[in-house]
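Chemist:
Residue numbers (my numbering): 1 to 113.
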């Protein structure tokens, strides 16, 4: 077995494998936009205009979602406020409320039955 003859060969192969795995993780995080904490951190709370931009729909569509209660709202006071991470979760679920989001909406007394 050549590893016993040259343990450095074994270490080099292991290091190469670890580097490949780290590279794959970095690519996966980049795809998921989990690049870590950024200096220009996006605001946690957003308005309907920004939601329409993120969701790539017209502002009137966001207002329709509000009326139907099919979008996670943080506060129904004017102007309506949303949490960015909840909107991202909602979009990731095909613009449908997840059970977690439904529970949050019920707790906030904003769910429409």
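Glycine residues also receive a C-beta, built at the ideal position from the N, C-alpha and C atoms.
Owing to the predicted nature of the structure, the values given are computational and were not obtained by experimental measurement.
I'd like to know if the stretch 54-73 and the stretch 90-99 are in contact, where contact means that at least 3 CB-CB pairs between them fall below 8 Å.
Modeler: Verdict: yes, contact present.
Chemist: Which residues mark the beginning and the end of the alpha helix (DSSP H) in which residue 49 is found?
Modeler: Here residue 49 is taken as the residue at index 49 of the chain shown, counted from 1. Here the alpha helix (DSSP H) through residue 49 covers 48-55.
Chemist: Could you have a look at residue 83 and say whether DSSP puts it in helix, strand or coil?
Modeler: Locating residue 83 in the chain shown gives position 83, where the first residue counts as 1. Correct three-state label for residue 83: strand.
Chemist: List the residues that DSSP assigns as beta-bridge partners of residue 75.
Modeler: Locating residue 75 in the chain shown gives position 75, counting from the first residue. Beta-bridge pairing links residue 75 to 81.
Chemist: Any idea which residues DSSP pairs residue 10 with across the strands?
Modeler: On the chain shown, residue 10 is found 10 positions in, with the first residue counted as 1. None; residue 10 has no bridge partner.
Chemist: To the nearest angstrom, report how far apart residue 56 and residue 26 are at their CA atoms.
Modeler: Within the chain shown, numbered from 1, the residue matching residue 56 stands at position 56. Within the chain shown, numbered from 1, the residue matching residue 26 stands at position 26. For residue 56 and residue 26, the distance between alpha carbons rounds to 27 Å.
Chemist: At the level of alpha carbons, what is the spacing between residue 13 and residue 30?
Modeler: In the chain shown, the residue the question calls residue 13 occupies position 13. In the chain shown, the residue the question calls residue 30 occupies position 30. The alpha-carbon atoms of residue 13 and residue 30 are separated by roughly 26 Å.
Chemist: Identify the continuous alpha helix (DSSP H) that holds residue 115 and give its terminal residues.
Modeler: The first residue shown for the chain is 1 and the last is 113, placing residue 115 beyond what the model contains.
Chemist: Looking at chain C, is there any beta carbon in it that lies within less than 8 Å of the beta carbon of residue 76?
Modeler: Considering every chain present, this structure includes no chain C. It has just one protein chain.
Chemist: Look at the alpha carbon of residue 65 and the alpha carbon of residue 48, and state the distance between them as a whole number of angstroms.
Modeler: Position 65 of the chain shown, counted from the start, is the residue given in the question as residue 65. Position 48 of the chain shown, counted from the start, is the residue given in the question as residue 48. Cα to Cα, the separation comes out at about 11 Å.
Chemist: Here's a check: name, in chain order, each residue in its chain whose Cβ is nearer than 6 Å to the Cβ of residue 9, leaving out the five neighbours to either side.
Modeler: Taking the chain shown and counting its residues from 1, one reaches residue 9 at position 9. Correct list: empty, nothing qualifies.
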